[in-house]
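Notes for the one structure printed next.
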Amino acid sequence: MCHHYLAAQSLAEDFGFEFSLSGASRAAVDRLTAELTNAGAWPLKTVPALRIDDSGDLVAFGAEWGLLPRWWKPSDKVPKRSTFQRKTINARSETAATKPAFRDAWKHRRCLLPVSEFMERDHYFGIGEPVAFAGLWESWIGEDGDVLTTTLLTTKPNAEVQHVGHHRMPVLLTTPEDRRDWLAGSADERLVVPLADGALAVRGK
Numbered sequence: 183m184c185h186h187y188l189a190a191q192s193l194a195e196d197f198g199f200e201f202s203l204s205g206a207s208r209a210a211v212d213r214l215t216a217e218l219t220n221a222g223a224w225p226l227k228t229v230p231a232l233r234i235d236d237s238g239d240l241v242a243f244g245a246e247w248g249l250l251p252r253w254w255k256p257s258d259k260v261p262k263r264s265t266f267q268r269k270t271i272n273a274r275s276e277t278a279a280t281k282p283a284f285r286d287a288w289k290h291r292r293c294l295l296p297v298s299e300f301m302e303r304d305h306y307f308g309i310g311e312p313v314a315f316a317g318l319w320e321s322w323i324g325e326d327g328d329v330l331t332t333t334l335l336t337t338k339p340n341a342e343v344q345h346v347g348h349h350r351m352p353v354l355l356t357t358p359e360d361r362r363d364w365l366a367g368s369a370d371e372r373l374v375v376p377l378a379d380g381a382l383a384v385r386g387k
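Residue numbering for the sequence shown is 183 to 387, as defined by our numbering.
In structure tokens, the structure reads:
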């Protein structure tokens, strides 16, 4: 399970060349990534993301890390949304299309989570340039209004992640083509796979 990562430092600089983002949209998420620079991204924190809106334009937004499906309601068993969200920070790529918590977002609400490095077992992993996690997002309506939430997809580990004793790794989209295909809802089988062995640089905490 991935529960900590470093967001890409500048959305405008790192991903602006790929997408037509408004200056205001870029600036808003760049402020958010700047806030995450020191502490990094953790479950339940607001993280920067990219999605396609209803008009077909790409927009940047902030979302709580830990997906909350639209149908969720407080119950005696799970009275707080944060309790539910802690179990949905990751979604297994093999089952997300059918799991009740993720299947609607899998079909209709995909996103990118810009990242420079992710952490597993006190080690940071990256490829030396900003990439994106394959993500899902949801909009949940509560007493405080509209709450946007997100999760990242995981897959089997490559050699570097497996070497530190971890059995899963995030789905990393490393090319503009892959990122566009993910948002478009296409080429799933090609995209939700581990990076090739040797592709990740590893550094200690």
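Just so it is clear, CB atoms sit at the ideal spot from N, CA and C, and this is done for glycine as well.
Note that the coordinates shown come from a computational prediction; the quantities given were computed from them, not determined experimentally.
Euclidean distance between Cα positions of T280 and A287: 11 Å
Which residues in the same chain have their Cβ closer than 6 Å to the Cβ of Y306, if we skip the five residues on either side of it in sequence? E299 and R385
Below 8 Å, how does it come out for the region 338–353 and the region 235–244: are there three or more Cβ pairs, yes or no? no
Name the two residues that bound the continuous beta strand (DSSP E) containing R385. A383 to G386
So, is W253 buried or exposed, given that buried needs 16 or more other C-beta atoms within 10 angstroms? exposed
Just checking my contact of G317 with T332 at CB under 8 Å: how many whole Å lie between their CB atoms? 5 Å
Whose C-alpha, out of R285, N272, T357 and M351, is nearest the C-alpha of E311? T357
Do F190 and P296 have their C-beta atoms closer together than 7 Å? Contrary to the premise, residue 190 reads as Ala rather than Phe in this sequence. In this structure, P296 lies closer than 7 Å to A190 by Cβ.
According to DSSP, R233 sits in a beta bridge with which residue or residues? V241 and C293
Going by other Cβ atoms of all chains shown within 10 Å of its Cβ, with 16 needed for buried, is G248 buried or exposed? buried
Report the three-state DSSP secondary structure of L373 (helix, strand or coil). helix
Using DSSP with H/G/I as helix, E/B as strand and the rest coil, what is V343? helix
Just to confirm, are H290 and P225 a CB contact at a threshold of 7 Å? no
Neighbourhood of D360 by C-beta distance below 7 Å, restricted to the same chain and skipping five residues each side: L373
Sub-7 Å separation of C293 and R233 beta-carbons: yes
Could you pull out every residue in the same chain whose Cβ sits closer than 7 Å to the Cβ of E376, ignoring the five residues on either side in sequence? With the sequence shown as reference, residue 376 is identified as Pro, and Glu is not the correct amino acid for it. Only T337, K338, P339, N340 and M351 meet the Cβ criterion.
Integer-rounded CB distance, given that E320 should sit under 8 Å from N250: Before going on, a small fix: residue 250 reads as Leu here, not Asn. That pair is a contact at about 6 Å.
CA-to-CA distance, A278 to D326, given in whole angstroms: 28 Å
Determine the direct distance from the alpha carbon of F315 to that of G222, and round the result to whole angstroms. 15 Å
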